[in-house]
Amino acid sequence: MPAVLRHRMVALIVTLAVAAVAVALLFAAGNDTFAGTNWDNVVASTTWDD
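If you want it as structure tokens, here you go:
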């Protein structure tokens, strides 16, 4: 059982790390990548900033 729990913990940590890197890259490149598209308008029209 401990081995299974340890494997799940590692998988969770790796998943969160990958997600964090993806989000960080998205925000870091967001201004350049999505410039000129209506993705900026979609984000601006939501309440994510609140």
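Under my numbering, the final residue of the sequence shown carries the number 55; numbering is consecutive throughout.
We put the CB at the ideal spot given by N, CA and C, even for glycine.
What number of angstroms, rounded off, separates the C-alpha of residue i from the C-alpha of residue j?
| i | j | result |
| --- | --- | --- |
| residue 8 | residue 18 | 15 Å |
| residue 21 | residue 29 | 12 Å |
| residue 26 | residue 15 | 16 Å |
| residue 23 | residue 10 | 20 Å |
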